[in-house]
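First up is the structure itself, then whatever we jot down about it.
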Amino acid sequence: MSSTWAIIGLIIGIVFFVIKLASKKQEVAVKIVLFGFIFLMLTIGYVYVTYDADISTYDGTVAAVKVYGIWLKNAFSNAGSVTGYAFNQNWDIDPTLGNITLGK
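When we follow the numbering used here, the leftmost residue of the sequence shown carries the number 54, and every step to the right adds one.
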């Protein structure tokens with residue numbers, strides 16, 4: 054398990070090195086690609102390690118891709134639920150409470 058994370062870290066390190074060599078004109082696009090790559094590496098690595106995916110066979114690879122897709126869908130669904138829950142809270146100020154954050 055730790056060797057998998059070491060390989061993922063090495064790949065991310067190599068990508069950082071290559072990006073440092075990239076032109077300044079492409080800085081924004083390179084950063085977007087970098088963040089996308091890091092997101093994919095970390096999430097795929099997490100799913101691979103957590104669910105002990107077998108990618109040595111075709112059927113195992115297909116199953117791993119399905120598990121990753123379901124995991125990713127659930128992650129975005131949960132993020133949307135949390136955002137919706139926070140948005141629907143009553144954020145009005147109650148003047149009768151006073152300033153309770155300072156204890157006065």
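Where is the CB? At the ideal position from N, CA and C, for every residue including glycine. Because the structure is a prediction, the values reported are computed rather than measured.
Report task. Report the option in Ala128, Gln79, Gly113 and Met94 whose CA atom is closest to the CA atom of Thr57. Result -> Looking up residue 57 in the sequence shown gives position 4. With distances taken between Cα atoms, Thr57 lies closest to Met94.
**Report entry** Separation of Gly89 from Gln79, as counted between CA atoms
**Finding:** Within the sequence shown, residue 79 is the residue found at index 26, counting from 1. Within the sequence shown, residue 89 is the residue found at index 36, counting from 1. Each residue's Cα considered, the two are about 15 Å apart.
Query raised in the report: By a C-beta neighbour count over all protein chains shown, 10 Å radius and 16 as the cutoff for buried, is Val44 buried or exposed?
Result: Outside the shown range of the chain (54 to 157) lies residue 44, about which nothing can therefore be said.
Query raised in the report: If you follow the alpha helix (DSSP H) that Ile91 is part of, which residue opens it and which one closes it?
Result: For this step, residue 91 is matched to residue 38 along the sequence shown. For Ile91, the uninterrupted alpha helix (DSSP H) run begins and ends at Glu80 to Thr103, by DSSP.
Requested in this report: In the DSSP assignment, find the unbroken alpha helix (DSSP H) run with Ser56 in it and report its ends.
Outcome: What you label residue 56 is simply residue 3 of the sequence shown in a count that begins at 1. Per DSSP, Ser56 belongs to the alpha helix (DSSP H) from Ser55 to Lys73.
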